[in-house]
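In UniProt numbering, the protein residues as written are 1 to 469.
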């Protein structure tokens with residue numbers, strides 16, 4: 001396996017300062033085995049436990065041809081997908097348009113050929129493995145436990161280079177996450193996630209154990225309130241971790257390296273075993289809590305939060321935007337968003353547009369709406385006053401410039417282009433046909449003038465031809 005990208009050692013972020021989130025059911029249930037390698041025969045597992053004094057069951061059934069149940073690095077990819085989905089504004093259809101490069105980068109993994117092969121296998125495992133949570137999935141809105149059956153990825157579409165069937169840096173992906181996961185995120189059933197610390201951990205097993213342990217740190221009834229310690233039976237913990245060999249000594253041996261790294265990195269202050277054999281208990285003490293619960297303070301619910309909610313931005317995303325950018329910035333961008341809408345800017349998803357306007361650092365949206373009677377001009381220098389966009393400095397690398405342009409076009413056009421079309425557009429952007437900056441300006445004008453379908457047709461006409469086999 002190719003070496004994982006090395007990152008500087010990072011201390012855990014204090015819970016009250018964590019701004020990223022994770023879906024709370026996924027982390028708590030431990031859908032993905034923490035083990036880096038599993039036997040070929042490990043194609044299913046089932047765990048029985050109690051929730052609020054009632055019996056519950058969690059199971060997974062996978063296909064052997066894709067390497068058994070999800071495990072190891074699959075957890076890194078699954079976490080990256082949720083984070084990218086949240087960043088895109090949590091669209092109701094659960095669809096994420098992205099690239100293979102962006103997924104690996106968000107997961108903190110190395111950008112090498114071997115990892116693209118691993119990514120393909122991971123996506124197939126997450127697409128084909130079926131999970132069933134019986135009376136174990138929290139319905140946050142109804143405050144009850146329900147039964148759900150799902151595939152982590154409900155639909156998967158991607159492009160491959162040349163005649164190969166794998167993934168590469170140029171691969172475009174369209175992924176639809178499980179409806180149960182999407183519904184839970186949009187209902188704000190989330191917990192804080194220290195993604196920067198997570199991706200800085202060295203071993204896949206340590207990262208997997210951290211995800212599961214950090215999820216258990218937050219009570220399911222209120223996943224904003226971290227606990228100072230967590231105690232669990234050794235065998236029960238092995239089942240939660242989906243460890244294959246559940247002999248007591250093997251469990252301790254499997255967990256040892258991850259325990260050492262989490263202690264060394266300052267996430268845990270102690271790991272203590274008590275008892276013998278299958279009756280052993282493990283107690284994890286979290287560092288920096290000092291024996292008392294620490295309330296994760298949300299961004300105060302201000303009138304500005306209410307205005308974001310009225311535009312169908314989820315509460316979790318609204319709080320995250322205010323935390324990252326501050327009330328003055330968000331308020332200014334909210335007014336810009338309203339001017340765009342008032343000028344006739346047609347939009348399929350108001351919430352997704354608003355999130356993009358707030359996050360925009362590239363000057364994609366003008367401060368004043370263009371005059372409706374002035375036709376668009378092909379060149380930047382010939383555009384009428386009030387319609388010229390002042391460009392920000394381009395990202396440092398070609399890869400970043402292309403990705404930035406693609407994100408803009410994908411956000412505006414969504415399903416008007418296919419995954420294959422986006423892949424061809426990416427190739428064109430790499431060689432400057434079309435120019436990335438000009439395409440962004442053209443897309444903005446098309447949005448304001450209600451001509452996105454015409455823009456999609458223009459792009460299709462200008463795309464590099466599909467070469468015959």
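Glycine included, every Cβ here is placed at the ideal spot set by N, Cα and C.
Sheet register partners of residue i (DSSP bridge)
i           : result
residue 54  : 51
residue 175 : 96 and 156
residue 192 : 21
residue 33  : 71
residue 230 : 284
residue 133 : 58 and 148
residue 237 : Bridge partners of residue 237: none, in fact.
CB-CB length for residue i against residue j, believed under 8 Å
i           : j           : result
residue 417 : residue 456 : 6 Å
residue 150 : residue 196 : The pair is not a contact, with the Cβ atoms about 29 Å apart (cut-off 8 Å).
residue 85  : residue 168 : Not really, about 22 Å apart at Cβ, beyond 8 Å.
residue 485 : residue 210 : Here the chain comprises residues numbered 1 to 469, so residue 485 is not present and cannot be evaluated.
residue 72  : residue 37  : 7 Å
residue 428 : residue 346 : So it is not a contact: roughly 26 Å between Cβ atoms.
residue 399 : residue 131 : Residue 399 to residue 131, Cβ: 34 Å. No contact.
residue 351 : residue 313 : 5 Å
residue 12  : residue 267 : 5 Å
residue 405 : residue 436 : 4 Å
residue 136 : residue 187 : With 8 Å as the limit, residue 136 and residue 187 do not qualify as a contact, their Cβ atoms being about 17 Å apart.
residue 308 : residue 318 : 4 Å
residue 258 : residue 206 : 4 Å
residue 49  : residue 419 : Actually they are not in contact, since the Cβ atoms of residue 49 and residue 419 sit about 40 Å apart, beyond 8 Å.
residue 147 : residue 74  : So it is not a contact: roughly 24 Å between Cβ atoms.
residue 30  : residue 255 : So it is not a contact: roughly 13 Å between Cβ atoms.
Assigned secondary structure, residue i (DSSP; H/G/I helix, E/B strand, else coil)
i           : result
residue 445 : helix
residue 451 : coil
residue 402 : helix
residue 122 : helix
residue 138 : strand
residue 46  : strand
residue 366 : coil
residue 39  : coil
residue 360 : coil
residue 9   : coil
residue 351 : helix
residue 203 : coil
residue 101 : helix
residue 243 : coil
residue 88  : coil
residue 165 : coil
residue 187 : coil
residue 463 : coil
residue 221 : coil
residue 116 : helix
residue 109 : coil
residue 66  : helix
residue 389 : Confidence in residue 389 is poor, its pLDDT being 32 and thus under 50, which makes the residue's placement unreliable; the coordinate value appears in the next sentence. Residue 389 falls in the coil class under three-state DSSP.
residue 16  : helix
residue 344 : coil
residue 458 : helix
residue 180 : helix
residue 313 : coil
residue 321 : helix
residue 395 : Residue confidence for residue 395 is low, a pLDDT of 45 falling below 50, so the modelled location carries little weight; the figure read from the coordinates is stated next. Note: residue 395 maps to coil in three-state DSSP.
residue 127 : helix
residue 216 : helix
residue 143 : coil
residue 294 : In this predicted model, residue 294 has a pLDDT of only 40, less than 50, meaning its place in the structure is not dependable; the value taken from the coordinates is given anyway. In the structure shown, residue 294 sits in coil (DSSP, three-state: anything other than H, G, I, E or B).
Near the ligand NAP: residue i beta-carbon under 7 Å from a heavy atom
i           : result
residue 158 : Ligands in the displayed structure: none, and consequently the ligand NAP is not present.
Stretch-stretch touch, CB-based, cutoff 8 Å, three pairs: the region 59-76 with the region 33-45:
yes
Length at least 4, wholly inside the region 246-276: the alpha helix (DSSP H) runs in chain order
248-264
Give a yes or no on contact between the region 431-440 and the region 400-413, applying the rule of three or more CB pairs nearer than 8 Å.
By the C-beta criterion, the region 431-440 is judged to be in contact with the region 400-413, since at least 3 inter-stretch pairs fall below 8 Å.
Inter-stretch contact at 8 Å, needing at least 3 Cβ pairs: the region 223-240 / the region 266-285
yes
Which residue spans inside the region 412-438 form an unbroken alpha helix (DSSP H) run of at least 4?
419-430
Is there contact here, the region 200-208 with the region 143-162, by at least three beta-carbon pairs under 8 Å?
no
Does the contact criterion of 3 or more C-beta pairs under 8 Å hold for the region 321-332 versus the region 347-360?
yes
With contact counted as at least three CB pairs below 8 Å, one residue from each stretch, are the region 216-233 and the region 247-264 in contact?
no
Okay, do the region 21-32 and the region 125-140 touch, 3+ Cβ pairs below 8 Å being the bar?
yes
If we count Cβ pairs, one from each stretch, closer than 8 Å, do we get three or more for the region 77-96 versus the region 219-233?
no
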